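Novice: The letter at position 35 of the sequence shown is residue 826 when you use our numbering, and the numbering goes up by one with no holes.
Just so you know, even glycine gets a beta-carbon here, dropped at the ideal spot from N, CA and C.
Predicted model, so just to flag it, every value in this text is computed and none were measured.
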Amino acid sequence: MDEHELIKKAICNMCFLRCGINADIKSGKISKVTPMQEHPHAQLCPKAEGLIEWVYSPERITHSLRKINGKWEEVSWDEALGFVSDKLFAIKETYGGLPPFLVPLTMRQFLLSP
792 MDEHELIKKA ICNMCFLRCG INADIKSGKI SKVTPMQEHP HAQLCPKAEG LIEWVYSPER
852 ITHSLRKING KWEEVSWDEA LGFVSDKLFA IKETYGGLPP FLVPLTMRQF LLSP
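Laid out in structure tokens, this is it:
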């Protein structure tokens, strides 16, 4: 292994399997993804196998966007998070409690809490 090559161990979060991956890094970019042998699921699912294509896809959205007057426009992260926060607060004010899409997260946290 030369000085510009590095292997990073990680968990893929693209599906429920949470594949263990060894990501070969060359010149600051992922060059190869292989299964982490010490992981209980020591193989890659199709999503983990396609990780490099997904990370470096020219179609990947890398900035926050908001639809304004029917067109997608780049906005700051502060503006995007403020917009989402305002909408979630409005849902809470209208319907009370947690929005339905947050209930599974809350239930999972409840079931896993000590």
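Thinking C-alpha only, which one of Ile-821, Val-866, Gly-887, Gly-861 is nearest Glu-844?
Specialist: Here residue 844 corresponds to residue number 53 of the sequence shown, with the count starting at 1. Ranking the options by Cα distance to Glu-844, first place goes to Ile-821.
Novice: List the DSSP bridge partners of Thr-825.
Specialist: The count along the sequence shown starts at 1 and reaches residue 825 at position 34. Its beta-bridge partners are Asn-813.
Novice: For the putative contact between Phe-857 and Phe-880, defined by C-beta atoms under 8 Å, what is the C-beta separation to the nearest angstrom?
Specialist: Taking the first residue of the sequence shown as position 1, residue 857 is located at position 66. Taking the first residue of the sequence shown as position 1, residue 880 is located at position 89. The sequence as given places Arg at residue 857; Phe does not occur at that position. Actually they do not touch by this definition, with Cβ atoms about 17 Å apart.
Novice: Quick one: which unbroken beta strand (DSSP E) runs of 3-plus residues sit fully inside the region 815 to 875? Chain order, please.
Specialist: Correct list: 820 to 826, 856 to 859, 862 to 865.
Novice: Using a Cβ-Cβ cut-off of 6 Å (strictly less than) and excluding sequence neighbours within five positions of Ala-833, which residues of its own chain qualify?
Specialist: On the sequence shown, residue 833 is found 42 positions in, with the first residue counted as 1. For Ala-833, where only same-chain residues beyond five positions count, the Cβ hits under 6 Å are Pro-826.
Novice: For Glu-840, collect the residues of the same chain with a Cβ closer than 8 Å to its Cβ; drop the 5 residues on either side in sequence, then sort them by chain order.
Specialist: Here residue 840 refers to the residue found at position 49 of the sequence shown. So the qualifying residues of the chain are Val-824.
Novice: Specify, as a first and last residue, the run of the beta strand (DSSP E) that Leu-797 falls within.
Specialist: On the sequence shown, position 6 is the one that residue 797 refers to. Run containing Leu-797: 796 to 802, per the beta strand (DSSP E) assignment.
Novice: Let's test the definition: count the other Cβ atoms within 10 Å of the Cβ of Cys-806 and tell me whether it reaches 16, buried, or not, exposed.
Specialist: Here the question's residue 806 lines up with position 15 in the sequence shown. With fewer than 16 Cβ atoms within 10 Å of its Cβ, Cys-806 is classed as exposed.
Novice: For my contact list, Ile-802 and Ala-814 are in at a C-beta cut-off of 8 Å; report their separation, rounded to the angstrom.
Specialist: Reading the sequence shown from its first residue, position 11 is the one you call residue 802. Reading the sequence shown from its first residue, position 23 is the one you call residue 814. Incorrect: roughly 11 Å between the Cβ atoms, too far for contact.
Novice: Report the rounded CA-to-CA distance for Asn-860 versus Gly-887, giving the unit in angstroms.
Specialist: Taking the sequence shown and counting its residues from 1, one reaches residue 860 at position 69. Taking the sequence shown and counting its residues from 1, one reaches residue 887 at position 96. Approximately 30 Å, taken between the alpha carbons.
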